[in-house]
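Numbering (the UniProt record's numbering), first residue to last: 1 to 255.
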Amino acid sequence: MYLLIGLAIAIVLIGISAHIAQEYQRAIVFRLGRYSRTAGPGLYFIIPFIDRQITVDIRTRTVDLEQQETITKDSVTIKVNAVLWFKVINPEDAIIKVANYNMAVYQFAVTALRNIIGQHHLDEVLREREQINATMQKIVDAATEPWGIKIVMVEMKDVEIPESMQRAMAREAEAIREKRARIIKAEAELEASIKLTQGAKQMEASPIALELRRMQMLSEIGIDNNTTTIVLVPSDFTNAARSFTEMVGKKTTEN
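Below is the structure:
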């Protein structure tokens with residue numbers, strides 16, 4: 001009878017002391033309040049009423065940093081959303097060195113996000129997101145490393161700017177495009193004037209080339225079936241005609 005009772009008690013104690021940790025879990029075992037060991041994955045045993053365990057999930061976690069309203073370096077109020085990925089690489093440090101590592105990582109990441117945005121101008125926040133993400137990852141990772149936590153990645157999801165600033169940025173972009181268009185047009189005019197000057201010098205050396213160019217212009221004008229045709233007459237022809245008219249007039253007067 002006593003043997004059966006002892007066997008039953010032993011089975012109960014073994015059942016109480018036996019635990020199973022999943023592949024993605026680690027058990028932090030404390031014996032009489034002091035850290036004893038990290039157990040798992042798989043089957044492990046603890047001493048009932050003496051040992052106490054805390055299970056830690058070592059998988060990568062996703063933390064959505066709620067929208068933060070902050071001021072940039074050039075005094076523009078914006079709202080920023082971000083996402084943080086982290087995992088526990090040292091379970092005993094995550095339990096022993098910080099009271100609540102999930103909340104600690106979240107609060108520090110939010111603070112770092114606000115501080116980084118405050119160190120950059122609005123244009124930099126919109127244009128250099130990857131650089132800001134990398135900087136934030138390094139800062140948060142350096143602070144959480146003593147807690148046994150690794151920051152895998154940080155990404156800003158959305159940057160919301162005031163409507164008045166959106167209109168100002170639209171006007172600025174329009175002015176930049178207009179400036180670029182004027183510069184391109186001026187460069188085209190300069191290049192065209194250079195080419196025209198070179199062409200004029202070539203035609204000056206060959207009068208036949210000038211006449212061929214006039215004939216080509218006449219053919220181009222007639223392509224569109226215009227009702228009005230402009231004929232360019234060389235100045236030599238005009239001078240010759242004027243001289244001929246004056247000579248005929250003198251002969252008429254003498255007769």
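In this text, a Cβ means the ideal position worked out from N, Cα and C, and glycines have one as well.
For residue i, does the count of other Cβ atoms within 10 angstroms reach 16, so buried, or fall short, so exposed?
i, result
"Thr144", "buried"
"Ala134", "exposed"
"Val12", "exposed"
"Met153", "exposed"
"Met215", "exposed"
"Pro146", "exposed"
"Ile176", "exposed"
"Met136", "buried"
"Leu65", "buried"
"Ile9", "exposed"
"Ala168", "exposed"
"Ala112", "buried"
"Leu3", "exposed"
"Leu190", "exposed"
"Ile16", "exposed"
"Leu84", "buried"
"Ile184", "exposed"
Could you check whether residue j and residue i sit closer than 9 Å to each other, using their CB atoms as the reference points?
i, j, result
"Asp74", "His121", "yes"
"Met156", "Ile139", "no"
"Ala82", "Ala109", "yes"
"Val125", "Thr72", "yes"
"Ile14", "Phe45", "yes"
"Glu172", "Gln67", "no"
On the three-state DSSP scale, how would you describe residue i?
i, result
"Ile78", "strand"
"Arg59", "coil"
"Lys87", "strand"
"Gln198", "helix"
"Thr72", "coil"
"Phe45", "strand"
"Ile28", "strand"
"Ser193", "helix"
"Met153", "strand"
"Ser36", "strand"
"Ile161", "coil"
"Ile54", "strand"
"Gln67", "strand"
"Ala104", "helix"
"Ala99", "coil"
Return the residue from the list the options that minimises the CA-CA distance to residue i.
i, options, result
"Arg61", "Tyr101, Glu189, Ile161 and Pro41", "Tyr101"
"Ile117", "Phe49, Lys79, Ser36 and Ala170", "Lys79"
"Thr38", "Val29, Phe45 and Tyr44", "Val29"
"Tyr106", "Leu196, Gly42, Phe45 and Phe86", "Phe86"
"Gly33", "Glu128, Ile95 and Phe108", "Ile95"
"Ile20", "Met1, Arg31, Leu212 and Gly42", "Gly42"
"Ile151", "Leu196, Lys195, Ser193 and Arg59", "Arg59"
"Met165", "Thr77, Tyr35, Arg182 and Lys201", "Thr77"
"Asp158", "Gln202, Arg127 and Gln22", "Arg127"
So residue i and residue j are in contact, right, with Cβ under 8 Å, and what is the actual spacing, rounded?
i, j, result
"Ala18", "Gln53", "Not a contact, Cβ separation roughly 12 Å."
"Thr70", "Arg114", "5 Å"
"Gly148", "Val88", "6 Å"
"Tyr35", "Glu92", "6 Å"
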